[in-house]
Amino acid sequence: MLAFILRNIGQRLILLVIVSILAHTIVHLAPGEPSLVDPSNPRMKAEDIERIRAAFHLDDPLHVQYYYWMRDLLNGDLKSFKDNQPVLEKIWGRFLNSLPLFILATLITWCVAFPFGISSALNRGSTYDKTGTFLSYFLISFPGFFLSSLLIIFIVQTFDVPVISMRTFGLEDASAWTQINDRIWHLTLPALMTAILGIAVLSRFVRSQMQEVILHDYIRTARAKGLDEDNVIYKHALRNALLPFITMFGLMIPGLISGSVIFEQIFAWPGMGRLGYDAILSRDFPVILTLNLIAAVLTLIGTLVSDLLYALADPRIKF
């Protein structure tokens, strides 16, 4: 197992270098650059543009720009083109904002979708299953930004409480308990809205996978041997249905970077998704490339974790 992990880490490091080179090339070959973000500015003269290009090494060849990016990133000296702030510090601050939102949304999604999907599979064709199927497809097709806007309007008009941003303004001098409750309240709504679509999609996958597994002969044999239904479903059927969801779980880890730009924008949540979106609009290459590199690292870590979990879920899989 150790040899498998070390071999895969080596392969992923090589792949990470290739991804970083491709991402750097694509970003710099795309139309536009930081010196042209606001060409209509009357104070922006030709010499100013040349000075910006020289300061950001934009007039150097791509391989030289790649060297400067990796050197500054590894040294911790990489600065944002937009505000000249350290890139890693900006990302770290947004990471701490996105982490609780990501964890809570993921917990809600998986804790609700699995029981809901399993129940639908066990009651196939029933009113419960048909209602759940209708609600799932309705939520999948319903625009999330519109549903979020309706929820905000309803809560504000009904309960007259703030729901935007990470905290309520004016509570800086309140007690610690009040501030904690306020943070939890502001965290719950965007996490819930982020989880709704995930619940609708994941529950359909769980239902489909469980329906396929419970029709196998070994499930019929387990029931014929007199095992109780919970043991048959959760020990035999569910364990064999988990493999596709292990893959999904590994690929969810990069969601910590991308976040949900729409919900972060609606709820004014300063997370990783908004940071990346703002960086794209301002052509902040260091932030864009660093976020892309971190997303690639998380993706490779997620796939490695999935490979390791496969063997735990199914003993037939060998390293």
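Sequential numbering of the sequence shown, starting at -1, is according to the numbering used here. Glycine included, each C-beta is placed from N, C-alpha and C at the ideal position.
### Query
Going by C-alpha distance, which of Trp108, Met208, Val295 is nearest His234?
Met208
### Message
Let me make sure I understand the geometry here. Which of Leu71, Leu213, Gly123, Trp267 has the alpha-carbon closest to that of Phe283?
### Response
Leu71
### Message
For Lys88, report the span of its alpha helix (DSSP H) as first-last.
### Response
85 to 120
### Lys233 (DSSP reduced to helix, strand or coil)
helix
### Query
Hey, Ala189 and Ile106 are a contact pair by Cβ (cut 8 Å); roughly how many whole angstroms apart?
6 Å
### Query
Are Arg10 and Leu298 touching if we call contact CB-CB under 7 Å?
yes
### Message
Could you check whether Pro268 and Asn6 sit closer than 7 Å to each other, using their CB atoms as the reference points?
### Response
no
### Task
Determine the DSSP secondary structure at Lys77, reduced to helix, strand or coil.
strand
### Message
Please list the terminal residues of the continuous alpha helix (DSSP H) segment that includes Asp305.
### Response
283 to 311
### Separation of Leu310 from Met191, as counted between CA atoms
32 Å
### Message
Quick check on this structure: which residue in Ser201, Leu236, Ala1 has the alpha carbon closest to the alpha carbon of Cys109?
### Response
Ser201
### Query
Under 7 Å between the Cβ atoms of Ala198 and Ser280?
no
### Query
Starting from Lys128 and walking both ways along the alpha helix (DSSP H), at which residues does that stretch end?
125 to 139
### Query
Could you check where the alpha helix (DSSP H) with Ala174 kicks off and where it finishes?
174 to 211
### Message
So, with DSSP's three-state summary, where would you put Pro160?
### Response
coil
### Task
Classify Pro242 as helix, strand or coil using the three-state DSSP reduction.
helix
### Query
Going by other Cβ atoms of all chains shown within 10 Å of its Cβ, with 16 needed for buried, is Ala294 buried or exposed?
buried
### Message
With a threshold of 6 Å on Cβ separation, who are the neighbours of Ala103 within its own chain once the five nearest residues in sequence on each side are excluded?
### Response
Ala189, Thr192, Ala193
### Query
Under a Cβ-count criterion, where at least 16 other Cβ atoms within 10 Å of its own Cβ denotes burial, should Phe144 be classed as buried or exposed?
exposed
### Task
Could you please give the first and the last residue of the uninterrupted alpha helix (DSSP H) stretch that includes Glu262?
259 to 264
### Task
Could you check if Gln155 is buried or exposed, using at least 16 other CB atoms within 10 Å of its CB as the buried criterion?
exposed
#### Entry: Classification of Ile231 by the beta-carbon crowding that lies within 10 angstroms, buried from 16 upward
buried
### Query
For the candidate residues Phe203, Ile89, Val85, Gly91, whose alpha-carbon lies nearest to that of Phe318?
Outside the shown range of the chain (-1 to 317) lies residue 318, about which nothing can therefore be said.
### Query
What residue from Phe261, His61, Phe2 has the CA that sits closest to Pro141's CA?
Phe261
#### Entry: When Lys128, Leu4, Ala28 are compared against Leu287, the one with the closest alpha-carbon
Ala28
### Task
Between the Cα of Pro98 and those of Leu240, Leu236, Met164, Phe243, spot the shortest distance and give me the residue it belongs to.
Met164
### Message
Here's the rule I'm using: 16 or more other beta-carbon atoms within 10 Å means buried, otherwise exposed. How should Leu187 be labelled?
### Response
buried
### Query
Apart from the five residues on each side of it in sequence, which residues of its chain come closer than 8 Å, Cβ to Cβ, to Thr176?
Leu169
#### Entry: Residue interval of the alpha helix (DSSP H) (run including Gly8)
0 to 27
### Message
One question on the structure: do Val161 and Ile151 come within less than 7 Å of each other, judged by their Cβ atoms?
### Response
no
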